[in-house]
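Colleague: Below is the structure I would like to discuss, written out as structure tokens.
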Amino acid sequence: LIYVTVGNHFQPFDRLIREMDRIAQGLDDRVVMQIGAGVYRPEHGEWFDFAPFETAERHIQEARFVVSHAGIGSIISARAHRKPIILVPRRRTFGEHFNDHQAEMVRVLTEERRPGVYPVEDVNELEPMVRRLDRLEEPEPAGPADSGRDRLLDEIERFVFGPGGPL
Amino acid sequence: MKIALVCSHGGHLTEMKQIETRLRDADRFYLTYPAETTRSLPRAYFLPQYTRFPHLIPLCLWKIFRILLRERPDVIISTGAELAVPVFYLSLFFPGVRRVYVECSAQVFRPSLTGKLVIGISHLFLVQWKFLLEKYGPRARYVGGLI
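In order, the protein sequence lines correspond to chains A and B.
Once you know that position 128 of the first sequence is 128 in the working numbering, the rest is easy, because the numbers rise by one and skip nothing.
Once you know that position 92 of the second sequence is 259 in the working numbering, the rest is easy, because the numbers rise by one and skip nothing.
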């Protein structure tokens, strides 16, 4: 299974779904797409618009790899389930988000070369990346969570259950 | 110990669920938006997305105030986005409430408008990328990020 997700944002991201639908024709794997607010209906895979948190998690768990908009939720979930994830940024110019923060995210993740995280700049780079992961017997999974995550959670836990402090 | 969790229904919620794993058995409830992803939350209050529907701002503020009055949380934690603004400011009517804001990890280089609006009244303000420290100044802290 390859799971494609555009997250829960209210603007569409049909460029990704359209391109993945085209690529899906040439893949042996089942492709399941969460299309969000998009209007394009995939023809070469199963699809739904939005789903409960647990449903999305289950698809990620079953997937060999995930293709996603460059949203935080997808990255965290892919890491939690140790799945490789390809990220494609939503763009403001196409009415896909308010601003280009997803492109910034892709830029910084490209520089940092995190294991199992495969950012691409645009949909035209998607097919080679999907084929690359598809060829691998076991693509490198995202994660595991490094200590940065634990440090952040420790800090919050300490504050919440500690004595607090002045504003 | 009662904790209010304030977040939107997408990635902000996923971040909050990570934080929730550390909240032990503290009594807690969500303030969020109605969506497929939030429907199954055990205890949640649903509010209108006021930036998309500005005519609902008065209703939204009234609902938040009533919820805070009823629940009286000791701590409010938000991972954003804009819903943090009215909740944090209305919580000023309830002295003793401690406010924690965790800037979403989607904000890499640029501060969010929500972050800029709540940093002055947050007791703990965390960013998830070190690039943001100089933008936010000394009130912001960086210890790590979720992604």
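Glycine included, C-beta positions come from ideal geometry on N, C-alpha and C.
Bear in mind the structure is a predicted one, so any value in this text is a computation, not a measurement.
1. Over what stretch of residues does the beta strand (DSSP E) that includes S245(B) continue unbroken?
2. 8 Å is my cut-off, CB to CB: does E157(A) come that close to chain B?
3. On the DSSP bridge list, what partners appear for C174(B)?
4. Note down, one range per segment and in chain order, each beta strand (DSSP E) of at least 3 residues found wholly within the stretch 185–212 of chain B.
5. If we cut at 8 Å on Cβ distances, does R151(A) have a partner in chain B?
6. Using CA coordinates, which residue listed in E203(B), A193(B), I234(B) and L284(B) is at the minimum distance from E54(A)?
7. Quick check on DSSP: helix, strand or coil for V252(B)?
8. Taking Cβ-Cβ distances below 9 Å as the criterion, which residues of the stretch 48–75 of chain A are in contact with chain B?
9. Taking the beta carbon of Q34(A) as the centre, do at least 16 other beta carbons fall within 10 Å, making it buried, or is it exposed?
10. Would the stretch 1–12 of chain A count as touching the stretch 37–57 of chain A if we require 3 or more Cβ pairs under 8 Å?
11. Would you say the stretch 78–86 of chain A touches the stretch 134–154 of chain A, given that touching needs at least three Cβ pairs under 8 Å?
12. Short check: CB of L16(A) to CB of V88(A), under 8 Å?
13. When you compare each of V130(A), E111(A) and I72(A) to L1(A) by their alpha carbons, which one comes out closest?
14. Shorter than 8 Å from the beta carbon of Q282(B) to some beta carbon of chain A?
15. At a CB-CB cut-off below 7 Å, which residues of chain A make contact with E321(B)?
Modeller: Answer, in terms of the structure:
1. In the second sequence, the residue the question calls residue 245(B) occupies position 78. Per DSSP, S245(B) belongs to the beta strand (DSSP E) from V242 to G247.
2. Counting from one through the first sequence, the residue named residue 157(A) turns up at place 157. Interface criterion met: the Cβ of E157(A) is under 8 Å from a Cβ in chain B.
3. Translated into positions along the second sequence, residue 174(B) becomes position 7. According to DSSP, C174(B) bridges with G247(B).
4. Given a length threshold of 3 residues, each whole run of the beta strand (DSSP E) inside the stretch 185–212 of chain B is given here in chain order: 194–199.
5. Position 151 of the first sequence, counting from 1, holds the residue named residue 151(A). With 8 Å as the cut-off, R151(A) counts as an interface residue toward chain B.
6. For the purposes of this step, residue 54(A) is taken as residue 54 along the first sequence, with counting starting at 1. The candidate whose alpha carbon is nearest that of E54(A) is E203(B).
7. In the second sequence, residue 252(B) corresponds to position 85, counting from 1. Three-state result, V252(B): helix.
8. With the criterion set as a beta carbon lying under 9 Å from some beta carbon of chain B, the members of the stretch 48–75 of chain A are D49, F50, A51, P52, F53, E54, T55, A56, A70, G71, I72, G73, S74 and I75, in sequence order.
9. Position 34 of the first sequence, counted from the start, is the residue given in the question as residue 34(A). Around the Cβ of Q34(A), a 10 Å sphere holds 16 or more other Cβ atoms; the residue is buried.
10. Touching, yes.
11. Contact between the stretch 78–86 of chain A and the stretch 134–154 of chain A is present: 3 or more CB-CB pairs across the two stretches fall below 8 Å.
12. The residue labelled residue 16(A) in the question sits at position 16 within the first sequence. The residue labelled residue 88(A) in the question sits at position 88 within the first sequence. Less than 8 Å separates the beta-carbon of L16(A) from that of V88(A).
13. Translated into the one-based positions of the first sequence, residue 1(A) becomes position 1. L1(A) has its Cα closest to that of V130(A), out of V130(A), E111(A) and I72(A).
14. Counted from its first residue, the second sequence places residue 282(B) at position 115. It should be pointed out that residue 282(B) corresponds to Gly in this sequence rather than to Gln. With 8 Å as the cut-off, G282(B) does not count as an interface residue toward chain A.
15. In this structure chain B extends from 168 to 314, so residue 321(B) is not present and cannot be described.
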